[in-house]
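Data first, discussion second: the structure below is written as structure tokens.
There are 2 protein chains.
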Amino acid sequence: MIRVLIAEDMHMIRGALVALLSLEEDMEVVAELDRGDEIVAAALRTRPDVAVLDIDLPGVDGLTAAGELHEKLPSARILVLTGLSQPGVLLRALQAHVRGFIVKDAPAETLADGVRRVHAGERVIDPDLIAAALETGTSPLTAREADVLRAAESGLPTDQIASRLSLSSATVRNYLSNAITKVGAHNRLDAIRIARNAGWL
Amino acid sequence: MIRVLIAEDMHMIRGALVALLSLEEDMEVVAELDRGDEIVAAALRTRPDVAVLDIDLPGVDGLTAAGELHEKLPSARILVLTGLSQPGVLLRALQAHVRGFIVKDAPAETLADGVRRVHAGERVIDPDLIAAALETGTSPLTAREADVLRAAESGLPTDQIASRLSLSSATVRNYLSNAITKVGAHNRLDAIRIARNAGWL
DNA sequence: AGTTGGAGATGACAGATGTCATCGGTCGGT
DNA sequence: ACCGACCGATGACATCTGTCATCTCCAACT
Chain X
1 MIRVLIAEDM
11 HMIRGALVAL
21 LSLEEDMEVV
31 AELDRGDEIV
41 AAALRTRPDV
51 AVLDIDLPGV
61 DGLTAAGELH
71 EKLPSARILV
81 LTGLSQPGVL
91 LRALQAHVRG
101 FIVKDAPAET
111 LADGVRRVHA
121 GERVIDPDLI
131 AAALETGTSP
141 LTAREADVLR
151 AAESGLPTDQ
161 IASRLSLSSA
171 TVRNYLSNAI
181 TKVGAHNRLD
191 AIRIARNAGW
201 L
Chain C
1001 MIRVLIAEDM
1011 HMIRGALVAL
1021 LSLEEDMEVV
1031 AELDRGDEIV
1041 AAALRTRPDV
1051 AVLDIDLPGV
1061 DGLTAAGELH
1071 EKLPSARILV
1081 LTGLSQPGVL
1091 LRALQAHVRG
1101 FIVKDAPAET
1111 LADGVRRVHA
1121 GERVIDPDLI
1131 AAALETGTSP
1141 LTAREADVLR
1151 AAESGLPTDQ
1161 IASRLSLSSA
1171 TVRNYLSNAI
1181 TKVGAHNRLD
1191 AIRIARNAGW
1201 L
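Protein chains in written order, with my numbering: chain X, 1 to 201; chain C, 1001 to 1201.
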């Protein structure tokens, strides 16, 4: 019997995924979470063999939780489940000792299959995603450039981004200019879109 | 036995929802779709009592499909399932003769329950969503203003938006300026974000 | 010890963006 | 026949953005 922990923020999807896994004879869902910051505690209590984590969770995101979980309970194999396929995210996931990476837009059987294979010690990663990740490569942005882009996302003008990050507004413009050039965009909006799709933010 | 059609683009989620509904004694999933433009044909073939439609589907979106379906097969009651809760979308849904509106972030039982109630002729709408919709009100944007905002979304500069819509670039700036003022934003990026969240695009 | 690269800043400049007043045309309502 | 609302356009203006050259400071390599 494979003991499974599952973390996914949308209740209905989570319920549905649990229903899906419960149909399998050799699996048992031992914990259901809707936030990232409860994962480690729940895992220590329920000792799952496999943890299925969504990436964007309230509290802390799935990848951060994955890193912590690997430290505190190395016996639990981690399988990440993600909606959008952002290549950059895959690299971060691998650094967090994630063993499997499945996109929600895959056939339903893939999940149970992935759980079994990860439990058996295999790595499970969508080949298309590997290709995309290699193509996209690692993020060209420095930490600050990424910070500024993230702040720009909410539509704030340059000077407000500056005060939020305690920077000079001229510096903010420089970072934005660098970021725009690096990702090959024409303006900040474009840059945000590109960086988001690549998973660099 | 309630005959259910289900349309949702992410395979795994769709599979999971089907698994969820199949657990109910009084329901039967008679059709599974992953695109909006196949909904009507599939419905005419399988004659479902209730159609569960996701909003953003490839082909045509769920609401457009809902309108068509209501015309071609009025006996099918429509239940819309959506991820983000964008108040503006609810209004469009009601105009498309949708009988129920459920967000994915609701307990799993809500779905089966919603299907049953819609089948019985009731309307099923999340109370929080109704409140949000009333607060947000109807879109303040004219058709063209919305067009321009949508075109601006991909990060194109003003003159390229203009040529794409066959407008003068000065006109584009006027529409953008109007839109920015109407939604209470400070620049185009801000306006896009606000309009998206409200479901006005 | 020297070099490289990131963080942070300044000043100058061109071009993009947002605002405003104003115009003409069309269409639906009263 | 008239009014109002939307579409489309122009010109002028102020401000915001994006680019570039240049500078300091600091940490990490070699």
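Note that beta-carbon positions come from the ideal geometry of N, C-alpha and C, so glycine has one too.
The C-beta of Gly62/X comes no closer than 8 Å to any C-beta of chain C. Under the three-state reduction of DSSP, Gly1067/C is assigned to helix.
According to DSSP, Arg1193/C shares a beta bridge with no other residue. Contacts with chain C at 8 Å (Cβ-Cβ) do not include Asn197/X. Pairing Leu81/X with Ala66/X gives a Cβ-Cβ distance that is not under 8 Å.
Taking 8 Å as the upper bound on Cβ-Cβ separation, chain C lies near residues Asp9, Met10, His11, Met12, Ile13, Arg14, Gly15 and Ala16 of the region 5-16 of chain X. Of all C-beta pairs linking the region 1020-1034 of chain C to the region 30-37 of chain X, fewer than three are shorter than 8 Å, placing the two stretches out of contact. Distance from the CA atom of Ser75/X to the CA atom of Thr46/X, rounded to whole angstroms, is 12 Å. Your pair Lys104/X and Ile1013/C checks out as a contact, with CB atoms roughly 6 Å apart and the cut at 8 Å. Contact between Gly15/X and Gly36/X is ruled out by a C-beta separation of about 18 Å, above the 8 Å threshold. For the pair Asp1113/C and Ile1125/C, the Cα-to-Cα distance works out to about 12 Å. About 14 Å separates the Cβ atoms of Ile78/X and Ala120/X, ruling out a contact at the 8 Å cut-off. Shown here, Arg1035/C sits in coil according to DSSP, grouped into three states, outside any helix or strand. Using a 10 angstroms sphere on the CB of Met10/X, the tally of other CB atoms reaches 16 or more, which defines it as buried. Assigned with DSSP and collapsed to three states, Ile55/X falls in coil, not helix or strand. Using a Cβ-Cβ cut-off of 7 Å, Gly1155/C is close to Ala185, His186, Asn187, Leu189, Asp190 and Arg193 of chain X, given in chain order. In the structure shown, Arg1045/C adopts helical secondary structure according to DSSP, grouped into three states. In this structure, the straight-line span from the alpha carbon of Trp1200/C to that of Leu1091/C is close to 10 Å. Rounded to whole angstroms, the separation of the alpha carbons of Pro127/X and Gly1059/C is 26 Å. Within chain C, the residues placing a beta-carbon under 8 Å from that of Ala19/X are Ala1016, Ala1019, Leu1020, Leu1023 and Ala1108, ordered along the chain.
Setting aside the 5 residues that flank it on each side, Glu1153/C is surrounded in the same chain by Ile1192, each with a C-beta closer than 6 Å to its C-beta; the list follows chain order. The alpha helix (DSSP H) runs lying completely inside the region 1114-1149 of chain C and spanning 4 residues or more are 1127-1136, given in chain order. Bridge partners of Leu1081/C according to DSSP: Asp1054/C and Ile1102/C. Contact of Lys1104/C with chain X by beta-carbon distance below 7 Å involves Met10, Met12 and Ile13.
Counting only residues of its own chain and dropping the five nearest sequence neighbours on each side, Val1098/C has a CB closer than 7 Å to the CB of Ala1066, Ile1078 and Val1080.
For Leu5/X, no alpha helix (DSSP H) run applies; the uninterrupted beta strand (DSSP E) run containing it begins and ends at Ile2 to Ala7, by DSSP. Taking every protein chain shown into account, the CB of Ser85/X has 16 or more other CB atoms within 10 angstroms, so this residue is buried.
Here DSSP, grouped into helix, strand and coil, assigns Glu28/X to strand. In summary, the residues of the region 143-172 of chain X whose CB is separated from some CB of chain C by less than 7 Å are Ser154, Gly155 and Pro157, in the order they occur in the chain.
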